[in-house]
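Let me begin by presenting the structure, written as C-alpha cells, before commenting on it.
Number of protein chains: 2
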Amino acid sequence: MQIAILSFFHYFSYMFKKRDSVFEVEEGKFLSPKFDSQGLIPVITTDIKTGEVLMHGYMNSEALKKTIETKEAHYWSRSRKSIWHKGKTSGFTQKVIEIKIDDDQDSIWLTVDIGDGASCHVGYRSCFYRSIPLGPIDNGREIKMKFTEKEKKFDPEKIYKDQPNPTKI
Amino acid sequence: MQIAILSFFHYFSYMFKKRDSVFEVEEGKFLSPKFDSQGLIPVITTDIKTGEVLMHGYMNSEALKKTIETKEAHYWSRSRKSIWHKGKTSGFTQKVIEIKIDDDQDSIWLTVDIGDGASCHVGYRSCFYRSIPLGPIDNGREIKMKFTEKEKKFDPEKIYKDQPNPTKI
Numbered sequence: 032m033q034i035a036i037l038s039f040f041h042y043f044s045y046m047f048k049k050r051d052s053v054f055e056v057e058e059g060k061f062l063s064p065k066f067d068s069q070g071l072i073p074v075i076t077t078d079i080k081t082g083e084v085l086m087h088g089y090m091n092s093e094a095l096k097k098t099i100e101t102k103e104a105h106y107w108s109r110s111r112k113s114i115w116h117k118g119k120t121s122g123f124t125q126k127v128i129e130i131k132i133d134d135d136q137d138s139i140w141l142t143v144d145i146g147d148g149a150s151c152h153v154g155y156r157s158c159f160y161r162s163i164p165l166g167p168i169d170n171g172r173e174i175k176m177k178f179t180e181k182e183k184k185f186d187p188e189k190i191y192k193d194q195p196n197p198t199k200i
Numbered sequence: 032m033q034i035a036i037l038s039f040f041h042y043f044s045y046m047f048k049k050r051d052s053v054f055e056v057e058e059g060k061f062l063s064p065k066f067d068s069q070g071l072i073p074v075i076t077t078d079i080k081t082g083e084v085l086m087h088g089y090m091n092s093e094a095l096k097k098t099i100e101t102k103e104a105h106y107w108s109r110s111r112k113s114i115w116h117k118g119k120t121s122g123f124t125q126k127v128i129e130i131k132i133d134d135d136q137d138s139i140w141l142t143v144d145i146g147d148g149a150s151c152h153v154g155y156r157s158c159f160y161r162s163i164p165l166g167p168i169d170n171g172r173e174i175k176m177k178f179t180e181k182e183k184k185f186d187p188e189k190i191y192k193d194q195p196n197p198t199k200i
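So the sequences go chain by chain: A and B.
Take 32 as the starting number for the first sequence in this note's numbering and just add one per residue.
Take 32 as the starting number for the second sequence in this note's numbering and just add one per residue.
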C-alpha cells in the first residue's frame, strides 16, 4: 500500500511544482495546483462559441493530466467516484481550447468547443438554465426562478437509458 | 445555543425549498440550493462586458441572500472565515446582473458588471491570467504556463496595505 501511494505521488509529482511560496503560486509560471482534502480541484467550463458557462465540475490530478494531454475534458465524478470522460455516453465530448488556472491555483477554467451539442445531463445546452430573481426576498415565500433555456437539446431518457441520475438529494 | 441554531435555520428556511426529489431539484422552479458539509456553495463569476471568468468563490446562505437582495456580490471568505462584501476594501464592487443555478443546484453562476475595474487581489482584471499549455506532458518537467494578461489594473500593495494575503500555501 505504501509503495502504491509513493508511486502515485511520484507519477504526478513531476508535473506540478511544489507550492513553496505565495509569490511563486501567484506570480510564477509553474503549475502548482492545490487539490482539496478529497484530492479535487473545482473546474468552470465555458463555451468557446457563446461564452456561456456550461457546467461546474471537479478534477483530480489524473483527470487534469488526461485533459491536458488528450485535449478532451475529463472530470472526476463525485457520484460515481471515477474518472469521467465527458460525453463518452452521450457523444457530446468537450474539445478543450484553453485551460487557465486562477491566482492561488485552486480552481480551473476550461474553454471548450461542444459544437451544436449539449453539456447538461438534463438535456439543456448549459447546466445553468434557471435564473434567480434579484431584489428583496418576500418573507415566508420560497424563491421562484425563471427558465432561460426553452428547449432541451436531447432527451436524457433516450441517451442515458438505465444509467443512474448523478443528481443527489 | 439550541435556540440560536433553530433561529438561524428558520431565518433561511423560508427562502429555500426543501430538496424533496431529484425531479423537482432539476426541473422545478424553486430555489433549493445544496450547501456542502461546510455550509458553502461554489460560485463562478463572469464579466458582463467581456464574458471572461473573473473568479471562483464560495457563498454560504447569508452571502447568497445578501447578493440577491443588495445586487452586489457577497461571498464567504474561507481564509478570513467571514462574509466578504467583494470590493469593500479595493472599491471594486461587483454589480450583479444575473444569478443562475445549475441542474442539481450545487453551484452558482453570477454575471457581474465591474466597469473598467479589476476582480483579482493580485491586481489583474480576472483571477485567471495564466494559461496551461495543451498536449503531451514532458516526463520529469514541470509545466510552464503563459501569462495572458500583460498588465495589472492596480497595485495590490497600495490598495490592501497591511492586510494579509488570502492565498494560502
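The C-beta atom is built at its ideal place from N, Cα and C for all residues, glycine as well.
Around the beta carbon of GLN194/B, fewer than 16 other beta carbons sit within 10 angstroms, so the residue counts as exposed. The alpha carbon of TRP115/A has as its nearest neighbour, out of ARG161/A, LYS97/A, PHE185/A and GLY59/A, the alpha carbon of LYS97/A. Judged by DSSP in its simplified three-state form, THR198/B adopts coil rather than helix or strand. Of all residues in the stretch 121-145 of chain A, those with a C-beta nearer than 7 Å to a C-beta of chain B are VAL127, GLU129, ILE130, LYS131, ILE132, ASP133, ASP134, ASP135, SER138 and TRP140, reading in chain order. Listed along the chain, the chain B residues whose CB falls inside 7 Å of the CB of PRO167/A are GLU100. Neighbours of ARG50/A across chain B, judged by C-beta separation under 7 Å: ILE200. For GLY146/A, the closest of GLY122/A, GLU100/A, ASP67/A and ARG111/A by C-alpha to C-alpha distance is GLY122/A.
Residue contact check for LEU85/B against chain A: no CB pair falls below 7 Å. Residue range 53-58 is occupied by the alpha helix (DSSP H) that includes GLU58/A, with no beta strand (DSSP E) assigned at that position.
Look at THR124/B here: in three-state DSSP terms it is coil, with no helix or strand label. Bounds of the beta strand (DSSP E) holding ILE72/A are 72-78. Within the stretch 128-198 of chain B, the complete beta strand (DSSP E) runs of at least 3 residues fall at 139-144 and 161-163. Three or more Cβ pairs drawn from the stretch 162-179 of chain B and the stretch 84-102 of chain A lie within less than 8 Å of each other, which places the two stretches in contact.
Within its own chain, the residues whose Cβ lies closer than 7 Å to the Cβ of GLU83/B, once the five positions on either side in sequence are excluded, are THR77 and SER157, listed in chain order.
Bounds of any beta strand (DSSP E) do not take in LEU95/A; it lies within the alpha helix (DSSP H) bounded by 92-101. The continuous beta strand (DSSP E) containing TYR106/A extends over residues 105-108. Taking CB atoms only, LEU62/B has a neighbour in chain A less than 7 Å away.
GLU173/A has a beta carbon lying within less than 7 Å of a beta carbon in chain B. Annotation: Cβ neighbours of PHE47/B in chain A (cutoff 8 Å, chain order): GLU173 and ILE174. Between SER162/A and chain B, the shortest Cβ-Cβ separation is below 7 Å. Nearest to GLU100/B by C-alpha distance, out of TYR89/A, PHE66/A, LYS119/A and ILE168/A, is ILE168/A. Look at the stretch 176-190 of chain A: the residues with a C-beta under 9 Å from a C-beta of chain B are MET176, LYS177, PHE178 and THR179.
Cβ contact annotation for LYS49/A (same chain, cutoff 8 Å, sequence separation greater than five): SER63, in chain order. When ASP144/A, ASP137/A and TYR191/A are compared, the shortest CA-CA separation from SER68/A is found for ASP137/A.
Bridge pairing for PHE61/B: LYS175/A [DSSP].
Under the DSSP assignment, SER113/B falls in the beta strand (DSSP E) whose first and last residues are 113-116. In the structure shown, TYR45/A adopts coil according to DSSP, grouped into three states. Sequence-distant Cβ neighbours of ILE132/A in its own chain, meaning closer than 8 Å and more than five residues away, are LEU62, PRO64, SER138, ILE139 and TRP140.
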